[in-house]
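Everything below concerns the one structure shown next.
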Amino acid sequence: MTTLAASTAPHGFLSPTGVEIVFLLVGLATLGAAVVTVTTKQLVHAALWLVVALGGLAVEYLLLTAEFIAWVQVLIYVGSVVVLLLFGLMLTKAPIGRSPDADSGNRWAALGVAAAAAAALVWVVVDAFRTTWIGLDGDAPQGTTKVSGEILFRHWVLPFEALSVLLLAALVGAIVLSRKRDKEGER
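All residue numbers for the sequence shown refer to my numbering, where the first residue is 355 and numbers rise by one.
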């Protein structure tokens, strides 16, 4: 009788499930890709590592049973935003190889700011969800299309549209900059 009770007991922090282990491993891989994204001196490689980091976030959403958010992550961020960045790099004729201009020499200050921001983010998340346990057993309405759509179209329509206009302005700006350089080169 004790073995049955032990097998149905809820798991805790020290006895992770397979999903939690995979979540941790994918999170570490995503963190590694993000670190390489901001530390590489080749801009095209940085954009490609950004694809890996954003894809890792999509996998994390899938593990949290938020399929709709995962596909939005893939379609919008991995598909659209990274393609927009690569087009911007191509249109502005950014250097393909190592770029000495990509390093401003403020690595230690940037590392300090990043560490402080990460510590603040971890503190806020831990403080907000200290007593909350998210069950991954299947009945998780948080990531469903209905709940996500209601939240998106009720509270986040204006920021979502503002972001799309900002991305369009960045693309138009890249085209304008590339055309000015072409005209200067022709003279």
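By construction, the Cβ of each residue, glycine as well, lies at the ideal position given by its N, Cα and C atoms.
Three-way DSSP call (helix, strand, coil) for residue i in this model
{"i": "F483", "result": "coil"}
{"i": "S361", "result": "For S361, the pLDDT reaches just 48, beneath the cut-off of 50, and the residue's location in the model is therefore unreliable, leaving the point undetermined."}
{"i": "W592", "result": "It is not possible to answer for residue 592, since the shown part of the chain is limited to 355 through 541."}
{"i": "A418", "result": "It is worth fixing the name first, because residue 418 is Leu in this sequence and not Ala. Coil."}
{"i": "K395", "result": "coil"}
{"i": "G459", "result": "coil"}
{"i": "T499", "result": "helix"}
{"i": "T384", "result": "helix"}
{"i": "S532", "result": "helix"}
Cβ pair residue i, residue j closer than 7 Å
{"i": "L397", "j": "L443", "result": "yes"}
{"i": "I423", "j": "Y415", "result": "yes"}
{"i": "V413", "j": "V380", "result": "yes"}
Candidates the options: closest to residue i by CA position
{"i": "G386", "options": "I375, A470, A400, T486", "result": "A400"}
{"i": "A472", "options": "L408, I505, V389", "result": "V389"}
{"i": "G372", "options": "T394, L418, A407, W403", "result": "L418"}
{"i": "G527", "options": "A463, L439, F507", "result": "L439"}
{"i": "V437", "options": "E374, L402, K395, T394", "result": "L402"}
Euclidean distance between Cα positions of residue i and residue j
{"i": "L531", "j": "L512", "result": "28 Å"}
{"i": "W477", "j": "L520", "result": "31 Å"}
{"i": "T384", "j": "L411", "result": "7 Å"}
{"i": "Q427", "j": "G409", "result": "8 Å"}
{"i": "A469", "j": "K500", "result": "36 Å"}
{"i": "L475", "j": "V392", "result": "19 Å"}
{"i": "W425", "j": "G433", "result": "10 Å"}
{"i": "R508", "j": "P370", "result": "36 Å"}
{"i": "T485", "j": "L382", "result": "24 Å"}
{"i": "F377", "j": "A523", "result": "36 Å"}
{"i": "L465", "j": "G459", "result": "11 Å"}
{"i": "A407", "j": "R533", "result": "32 Å"}
{"i": "R461", "j": "V435", "result": "26 Å"}
{"i": "F514", "j": "G503", "result": "12 Å"}
{"i": "L525", "j": "L517", "result": "12 Å"}
{"i": "V479", "j": "F441", "result": "35 Å"}
{"i": "A482", "j": "V467", "result": "22 Å"}
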